[in-house]
Amino acid sequence: MNEKRSGIGEATYQEIMSQTLAWDGALTAVARQTHALQALWQQGKYGSVLFSGCGSTYYLSLAAAALWREYVAAPAGAAPAGELFLYPKATFGPAPDGKSLLVAISRSGTTTETIVAAERFKEDGRGDVVVITNYGDTPLAKAGDVTIIIPEGQEESVAQTRSFASMYVAATALVMTAAGRDDLLRAMAGLAPAGKDILEKYEAPARALGEDLALDRFYFLGSGPRYGLACEVNLKMKEMTLTHSEPFHFFEFRHGPMSMVRESSAVLGLLSTEKKDWEKAVLQEMTELGGRVISLSEEGADVCFNSGVPEAVRNVLYLPVLQLMAYYRSMAKGLNPDRPANLTSVVELDLAG
Ligand code: F1P
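Just so it is clear: in the sequence shown, position 23 is 21 by this note's numbering, and no numbers are missing.
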C-alpha cells in the first residue's frame, strides 16, 4: 500500500492515495466559514441556488444540487459555466423573485468560463456568490462573497481526483450547513478513516479490474445525489484511459443503453442503501445479459464501505476505488494518467470578443 513510485503516473497515484487528508481539510475549510455562510443565508433569503463549474466541477455541481434539493428542501440546479456564458436565458431561466445564490466550483480558480459566470452573476444583480476551490490567490477565489479554499486538495495531475473529492466533501458540508444538520456535519468526521480503510482493502481488486483489458466499455450507474459522481468517474475513464465510458441513472440504463451490454462491458453500480433493491434489480439484469457487474455500497456489495457514516453525507466513499481502477487501466494501457491526451489542467479562453 502506498508503495513509493517514480515517474509516469506517480502524481495521480499519490493524489488518489492521500486524498483523505484533503477530505479533512475540506471539513475544516467549511467549518471556518460557518458564520459567514449562515450570515449570507440570513441576509440573502435566496429563492434559488445554482451550482456551476466545468468538466469535473460541473459534475460536482450536479451532485451538490441534488443534495441541496433533498436536504435544504429548496430549489437548486446545476449548469456548466460555459452554458451560462453562451445561453444565459436558456440556462438561468427567468429571474426569480428575490436573490439567488451561485456556488461556483473550480479546482484552479482560473477557468475562464467559471470566472465569467461568477462576474456576470454579480453584474446582473442576480445575487451572491460562494466559491469552492483548491487555490486561494485566484480571480475566482476573489469573486466569492464567501470563498472556501482547500489547499490540501491541490494537485499536479491534469485529471481531478483528490481535488474533486475534497471539493465534493466541502460541497456536502456546505449543504448540511445550509440545512442546519449539525448531526450530519459531525458524522462527516468518519469519512477519512473509512476512506483509508477502503483504499487499503480494495486497491488490489481495483487494480485487477483496471488491468483487465478484455473489458472495452464501462458504464457507471448512479441515481439521485450519486448521478453526478457517476458522471465524474466516467470522465476519469475517458481522460485517463481513453476508453468508451458513459454514466447513466439506474433506471435510464434499461431505456436503450443496455443494448450495449456484452461480455466485454463493465457495469459499475453506485448502489444506495435506501433504494438498493430497485437498483440491484438493474444490475442483476445486466449480469444476465453477460456484463461484468461490480457494485459499491455501504454493505451487501462487491465493494463495501462499512463506514457507519449516514447515507446523506458518505457519497465521497464511492470515488477512491473507481479512481484507482482508472489509474491502473491507464498504466496497463501504457498511457500516462498524469497527462491525459489533448488536455491541459485549465481551459483559459478569450471571451471578450
Ligand atoms: C475544470 C476542468 C478540469 C479538467 C480539464 C479542464 O477545471 O474541466 O476538470 O480536468 O483538464 O478543466 P477547474 O475549473 O475545476 O480548475
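Heads up, the beta-carbon is just placed ideally off N, CA and C, and yes, glycines get one too. Just so we're clear, the structure is a prediction, and the values are computed from it rather than from any experiment.
Nearer than 7 Å: is that true of the beta carbon of ALA157 relative to any heavy atom of the ligand F1P? yes
Does the count of Cβ pairs from the segment 148 to 160 and the segment 295 to 312 closer than 8 Å reach three? no
Own chain, CB closer than 6 Å to GLU296, minus 5 neighbours either side, in chain order: THR271, PHE303
Any 3 or more C-beta pairs closer than 8 Å across the segment 13 to 30 and the segment 56 to 70: no
Three-state secondary structure (DSSP) of PHE248: coil
With respect to the beta strand (DSSP E) encompassing ILE292, which residues constitute its N-terminal and C-terminal limits? 290 to 295
Helix, strand or coil: how does DSSP classify THR136 here? coil
Can you find a heavy atom of the ligand F1P that lies under 7 Å from the Cβ of CYS302? no
Would the C-beta of GLY51 count as close to the ligand F1P, meaning under 7 Å from any of its heavy atoms? yes
For the ligand F1P, is there a heavy atom less than 7 Å away from the beta-carbon of SER104? yes
contact_flag[the segment 199 to 206, the segment 244 to 259] where n(CB pairs < 8 Å) is 3 or more: no
Restricting to runs no shorter than 4 residues, where is the alpha helix (DSSP H) found entirely within the segment 135 to 184? 137 to 141, 160 to 176
In DSSP terms, what ARG215 is bridged to: HIS242, SER263
Taking the straight line between their C-alpha atoms, what separation do you get for MET(-1) and SER46? Here MET(-1) scores only 38 on pLDDT, less than 50, and its place in the model should not be relied on; the value that follows carries that caveat. The straight-line gap from Cα to Cα measures roughly 45 Å.
Straight-line CA distance for VAL191 to LEU19? The question names Val, yet the displayed sequence has Pro at residue 191. Going from the Cα of PRO191 to the Cα of LEU19 covers about 10 Å.
Under 7 Å from any heavy atom of the ligand F1P, does the C-beta of VAL345 make it? yes
Tell me whether THR342 counts as near the ligand F1P, meaning its Cβ is closer than 7 Å to at least one heavy atom of that ligand. yes
Could you tell me the alpha carbon to alpha carbon distance between GLY123 and LYS234, rounded to whole angstroms? 36 Å
Can you tell me where the alpha helix (DSSP H) with LEU359 in it begins and where it stops? Residue 359 is absent from the structure shown; the chain starts at -1 and stops at 351.
What are the boundary residues of the alpha helix (DSSP H) that GLY80 is part of? 79 to 84
CA-CA distance, VAL357 and GLY288? Nothing in the structure corresponds to residue 357, since the chain is present only between -1 and 351.
For THR136, is the beta carbon positioned less than 7 Å from some heavy atom of the ligand F1P? no
Own chain, CB closer than 6 Å to ALA107, minus 5 neighbours either side, in chain order: Looking at the sequence shown, residue 107 is not Ala but Gly. THR131, TYR133, THR136, LEU138, ALA139, listed in sequence order.
Under a three-way DSSP split, which group does GLY193 fall into? helix
Pick from SER54, THR32, PHE218 that is closest to ALA171, judged by C-alpha positions: THR32
Residues that VAL47 bridges to, as DSSP identifies them: ALA74, LEU99
Measure the beta-carbon distance from ARG337 to VAL156 and round it to whole angstroms, keeping in mind my assumption that it falls under 8 Å. 6 Å
Just mark GLN282 as buried or exposed, buried being the case when its beta carbon has 16 or more other beta carbons within 10 Å. exposed
With 16 as the cutoff for other CB atoms within 10 Å, does LYS2 come out buried or exposed? Per-residue confidence for LYS2 stands at a pLDDT of 45, beneath the threshold of 50, marking its modelled position as unreliable; the derived number appears in the next sentence. The residue is exposed, with fewer than 16 neighbouring Cβ atoms inside 10 Å.
Less than 7 Å between C-beta atoms, sequence neighbours within five positions excluded: which residues of the same chain meet that for SER104? GLY51, THR55, THR112, THR131, LEU138
Taking the alpha-carbon positions, what's the VAL345 to PRO78 distance? 13 Å
Given a cut-off of 8 Å, decide if GLN321 and ILE14 are closer than it, judged by their beta-carbon atoms. yes
Could you work out which residue in SER263, GLN12, GLN41, ALA176 is closest to LEU219 when comparing CA atoms only? SER263
What's the gap between the Cα of LYS43 and the Cα of GLY96? 8 Å
For GLY125, write down the residues that DSSP places opposite it in a beta bridge. SER98
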